[in-house]
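Take a look at the structure set out below.
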Amino acid sequence: MDLHGLSAPARLLRRRLRGAQPSNWPRVDRTCPVAGRRLVAITFDDGPTALRTGAGEPLTESILRALERYGMRATFNMIGGTHDNYPDRAGPLHTPLWNGIRHDHYPAFGLDRWAGAANQPLLARRVAQEGHEVGNHSFRHLAFGPERIVYGRRAHHADAAGVERDCVRFQELCRTHLGVRPGVARPPHYVARTADGIDTLAIYRRLGLIMIGASFDLGAWRARRGSRRAYAAAAVAPLARTLARDPDALDGAILFAKDGLNMSLEPAVVDVLPAQLQILHRHGYRVVPAGELMARGRWADIRPEHPLAEAAAGLLALGLPCAFADNTLRPDRPLGEREAAAIGAAVRARIPALAIPDPAGRTRREWLLALHRATRAAGGEPHARLRA
Ligand SMILES: [Zn+2]
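Under our numbering, the letters of the sequence shown match residues 1 to 388, in that order.
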């Protein structure tokens, strides 16, 4: 994943920044599904991968087999292929540059033809045919904009137009080769701002894609230190510990995993996934694709049956901000001045004719309901389906 290699302070800073701003179209890290059943989504990035593992089968097939054993369906955030990402040099193993200095190469440097839906269409099609969701992780896996904390030397798209072309190219590949239309997306390395200052959320929205993050890391992408056995045990332990402490802790969560090699060039995901799935199964979790999880409940802090959920969904469908970037509505938190100004500006830009309730001094709940009523009175369609 994309926070790999980040120091603890940098992670903390990023987390703080992420929660600080309201988001027009929230990136979904976690949802609040229907009460009474434990649901979780697992996302596998960067595949499909045809490289054969120890068991002699393509890596993606090993993942499919493990999922099938428990009747679980997942989300595969696929790429088209990294084969055009040359000239380049291989980077040092066990570091974030393990698969290239200037670009990413999957499944590894020089082996690009073994991964990606364009290079491995049969494998990609099999994923879709087995009922899993295909997500758009971009065609080339080129960063959408500059990222200085870890990938300062990495190439990135020059502008938002280039990003959009690359995402459309992947959607087109899915249509012609897989017969599916992805509804979810995750930018490479979570870099969401383009070099010319555009928020990826706006691009995704135009393409009918919902941006998904993750709220729990299954961990088998990191570099290995110590024995392979110790590595696998360390990757499984956080999940076991989390659910032992609170079996509901991951209800509604989106889990991160990788459909590829780890930073030490090993298929670690295949070693640890069966044990991780067994733990989820033992705790009564159903694993469903991220799109399905979101359809059951979008925000992490209110349930779908909450009256505010409908109002928020309607506003969201109109492109109006209603949630924080960490995917919470926090209905009773008063809006800050800066936040109120940002929301006001977005609303005015979007529907200038509307009698806009002044958000300053209100709680988010009051503002959402007032705007919802005003939108309706102006002939808007606040009940438009979220994913229409
Ligand atoms: Zn990726």
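Each residue gets a CB set at the ideal place from its N, CA and C atoms; glycine is no exception.
Listed in chain order, the beta strand (DSSP E) runs fully inside the segment 16–93 are 38–45, 75–78, counting runs of at least 3 residues.
Distances from the CB of HIS137 to the heavy atoms of ligand 1 include at least one below 7 Å. The C-beta distance from LEU335 to ARG362 rounds to 6 Å, short enough to meet the 8 Å contact threshold. Taking the Cβ atoms as the reference, VAL288 lies roughly 32 Å from LEU111, outside the contact range of under 8 Å.
With contact defined as three or more Cβ pairs closer than 8 Å, the segment 346–365 and the segment 60–79 are not in contact. Ranked by Cα distance from ALA220, the options ARG37, PRO33, TYR190, THR43 are led by THR43. Residue pairing for ALA325: DSSP places it in no beta bridge. Remark: the shortest separation between the CB of HIS132 and any heavy atom of ligand 1 does not fall under 7 Å. Short of 7 Å from the beta carbon of ILE203, and not among the five residues preceding or following it, lie these beta carbons of its own chain, in chain order: ALA160, VAL163, GLU164, CYS167.
Taking a 10 Å sphere around the C-beta of SER215, we find 16 or more other C-beta atoms and assign the residue as buried. When rounded, the separation of the alpha-carbon atoms in GLY152 and ALA195 is 13 Å.
Per DSSP, reduced to three states, the secondary structure at ARG193 is strand.
Between PHE324 and the set ARG364, ARG241, GLU172, the nearest pair of CA atoms involves ARG364. When ARG224, ALA313, VAL272 are compared, the shortest CA-CA separation from PRO238 is found for VAL272. Those residues whose C-beta sits under 5 Å from the nearest heavy atom of ligand 1 are, from N- to C-terminal order along the chain, ASP45, ASP46, PRO188.
Going by DSSP, LEU368 is part of the alpha helix (DSSP H) stretching over 364–377. For HIS283, the three-state secondary structure derived from DSSP is coil. One thing to note: GLN278 has its Cβ no nearer than 8 Å to the Cβ of LEU218.
Two segments are said to touch when three or more pairs of C-beta atoms, one from each, lie closer than 8 Å; by this definition the segment 221–231 does not touch the segment 172–184. Under the 8 Å Cβ criterion, the segment 75–92 counts as touching the segment 128–135, having at least three qualifying pairs. Along the length of the segment 233–302, whole alpha helix (DSSP H) runs at least 4 residues long occupy 268–282, 290–296, reported in chain order. For GLY135, the enclosing beta strand (DSSP E) begins and ends at 133–136. Take PRO121, set aside five residues on each side of it, and the residues of its chain with a beta-carbon closer than 8 Å to its own are HIS177, LEU178, in chain order.
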